[in-house]
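Here numbering that gives the first Met the number 0 is used: position 138 in the sequence shown is 137, and no number is missing along the way.
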Amino acid sequence: MKDLLWAESQKLHRSKILWIAGFATVMVGLIVFAQGQFTFYDRRYIDGAGWFMTAAQSLATFYVLPAVIALLGSYMICREEQEDTLKSLRLIPVDEVKLTLAKMILAFVFSVLIYLLLFAITFLVEAVLHLEALSVGLVLENLKIYFLDGVGVFFAISPIIALVARMKKGYWLALVFAEIYSFAGLFASMSQQLKTVYPMTAVFNISGYYNANMFQVLIGVVILMVCVILSLLILKGLNRKTK
């Protein structure tokens, strides 16, 4: 498994997909920073300590990062199929179940790293603008939220990654499906019941972005575990299909 993880990471280093993910993350920061220049009662939004970290996290999750992470994950799984190198790979031979699992693990790691990159960007801006107003508690709380969002968002979109891989219609479909899926979270967040059970908003309950009670957090954990199990079942079918 360690060798497979290393090999897949080397493949990613040679592709442009990581640059796309990094560019999208930086663009989120720039867009939210621009939004922060708007005023409310003669005061810019960004003048409030912590506003930038909070706003970037929610905007990124509803509009951008789930689609980017889904694209990254499906690209890794579909790459051999799309580039017609899967037949050559089977001659080695390689355990395709372990290979797929290695790709999913790596996609999970990059999901967390992408959110931590966004946190680093927002923290640096906050430190430049309001260093004295930032408390250790505020920074650590946001770090926890970003980290758990990275974990939770991957779990929530994992069925999309698996489904697109099984459909074999091109990894860009994952971006489209995940964008619709995450954007729908905006509407789900308007209902107390829906935001508890909808995977994308359940992530916010778990991370602490929403004020949620223990029952809502537990429901969110169950929902995300169902997403993971569903993706594993889909991927299991994929590996049977390719044999």
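Every residue gets a Cβ at the ideal spot worked out from N, C-alpha and C, and that includes glycine. All values derive from a computational prediction rather than experimental measurement.
Item	Value
How far does the alpha helix (DSSP H) with Gly-184 in it extend, from its first residue to its last?	171–187
Does the structure place the region 15–24 close enough to the region 46–53 that three or more beta carbon pairs sit under 8 angstroms?	no
Give a yes or no on contact between the region 192–211 and the region 135–145, applying the rule of three or more CB pairs nearer than 8 angstroms.	yes
Label Met-189 either buried or exposed according to how many other C-beta atoms from any shown protein chain fall within 10 Å of its C-beta, with 16 as the threshold for buried.	exposed
Does at least one heavy atom of the ligand NAD sit under 7 angstroms from the Cβ of Gln-34?	The model depicted lacks the ligand NAD and carries no ligand whatsoever.
Would you report the Cα separation of Met-213 and Gly-28, rounded to the nearest angstrom?	31 angstroms
DSSP on Arg-42, reduced to helix/strand/coil?	coil
Going by CA-CA distance only, name the one from Val-202, Ala-161, Ala-54 and Leu-217 that's closest to Thr-99.	Ala-161
Once you ignore the five residues that flank Pro-158 on each side, which residues in its own chain have a CB closer than 8 angstroms to its CB?	Cys-226, Leu-229, Ser-230 and Ile-233
Does the Cβ of Ile-179 have 16 or more other Cβ atoms within 10 Å, making it buried, or fewer, making it exposed?	exposed
Is it the case that the region 7–16 contacts the region 61–78, given that we only count it when at least three CB pairs across the two stretches are under 8 angstroms?	yes
Closest to Ala-23 by C-alpha separation, out of Asp-46, Val-63, Ala-33 and Ala-54, would be which residue?	Val-63
Is Gln-34 near Ala-6, with beta carbons less than 8 angstroms apart?	no
Cutting at 7 angstroms between CB atoms, please list the residues of its own chain near Gln-215, excluding the five before and the five after it.	Thr-195 and Asn-204
Check Glu-7 in the structure and name its three-state DSSP category.	helix
Taking the Cβ atom as the reference point for each residue, do Leu-128 and Ile-45 lie within a distance shorter than 8 angstroms?	yes
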